[in-house]
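When we follow my numbering, the leftmost residue of the sequence shown carries the number -3, and every step to the right adds one. C-beta: ideal position from N, C-alpha, C; glycine also. All values reported here derive from a predicted model rather than from experimental measurement.
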Amino acid sequence: MDDDVVLSAPLFATMDADETRTLFESMQQIELTRGDVLFREGEPGDRLYVIASGKIKLGRRSNDGRENLLSILGPGEMFGELSLFDPGPRTATASSVADSVIYELGHDQLVEWIEKHPGVAKHLLGALARRLRRTNETLADLVFSDVPGRVAKALLDLSTRFGEETDEGVRVAHDLTQEELAQLVGASRETVNKALADFATRGWVRREGRAVVLLDLDRLERRAR
Ligand code: CMP
């Protein structure tokens, strides 16, 4: 297990090696397999999590049972902190889309830690601000962009987290079903599928089950704008 990924999280920024170790060793390791639900939207929550490996999806469900994915998080990313900074129930359901290892920290412990190391708060605010920027962008895309544009953007976003350079292009093993990809884009499975098939016909991507190889990043970036 690569501890360095966890230690790169904003939670550990500005701390020296000993302090970092102390905090890290006080966190509990949790192993999840695909489909495990860590917590559900609306539940009370008193812990936050940092991902060491794997993928976690954060989703919300409408009253009529439809699902929307807010984000797919990967190694080094943190979640579960909102119910600490704004006390209230969990704002989303967190579940694993691939076998994952995550580390858990109690909110009480985090508060103590921030009081001892105020510099950490700046980095946590930075992480929250980046998330707000991304959420604003997603919101604007839902209003202003068409489905193919949003699919292109989602693929590029997933590639920054899970992409691997290959001779052919960037291989993104997203582990999402077609349904999950559609929930992430905020469109029907059929429309998302059609966009992907069109990208494949144009030679911009190649589909491989729960992965996609991005063959022409320039075209995808232009389509995402
Ligand atoms: P919390 O509300 O405790 O539990 C669900 C978590 O999902 C939340 O904390 C955040 O960490 C995370 N989350 C909520 N909304 C978003 C979003 N739009 N993008 C990324 N992560 C989010």
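With respect to the beta strand (DSSP E) encompassing residue i, which residues constitute its N-terminal and C-terminal limits?
{"i": "L28", "result": "Q24 to L28"}
{"i": "V201", "result": "V201 to E204"}
Between the beta-carbon of residue i and the beta-carbon of residue j, is there less than 8 Å?
{"i": "T89", "j": "R157", "result": "no"}
{"i": "D32", "j": "S91", "result": "yes"}
{"i": "K51", "j": "I68", "result": "yes"}
{"i": "A238", "j": "H170", "result": "No information on residue 238 is available, as it lies outside the stretch -3 to 221 that the chain covers here."}
{"i": "R146", "j": "G182", "result": "yes"}
{"i": "P6", "j": "A123", "result": "yes"}
{"i": "V116", "j": "A9", "result": "yes"}
Expressed to the nearest angstrom, what Euclidean distance is found between the alpha-carbon atoms of residue i and residue j?
{"i": "D212", "j": "L28", "result": "34 Å"}
{"i": "F81", "j": "L180", "result": "25 Å"}
{"i": "G102", "j": "R43", "result": "4 Å"}
{"i": "L34", "j": "E21", "result": "21 Å"}
{"i": "F75", "j": "A13", "result": "23 Å"}
{"i": "I110", "j": "S49", "result": "25 Å"}
{"i": "E176", "j": "A191", "result": "15 Å"}
Let me see if you follow: with CB-CB separation under 8 Å, is residue i close to chain C or not?
{"i": "T89", "result": "Absent here is chain C; the protein component of the structure consists of one chain."}
Going by beta carbon distance, what residues of the same chain come within less than 8 Å of residue i, once the five residues before and after it are set aside?
{"i": "K149", "result": "D137, S141 and A220"}
{"i": "Q174", "result": "R185, V188 and N189"}
{"i": "E217", "result": "A148 and L152"}
Considering Cα atoms alone, identify which of the options is closest to residue i.
{"i": "E164", "options": "T134, G199, P40 and N64", "result": "G199"}
{"i": "V166", "options": "L177, L172 and L152", "result": "L152"}
{"i": "P85", "options": "R56, S4 and E204", "result": "R56"}
{"i": "S155", "options": "V201, E63 and T131", "result": "V201"}
{"i": "V46", "options": "L172, D214, S96 and V107", "result": "S96"}
Return the first residue and the last residue of the alpha helix (DSSP H) that residue i is part of.
{"i": "K190", "result": "R185 to R198"}
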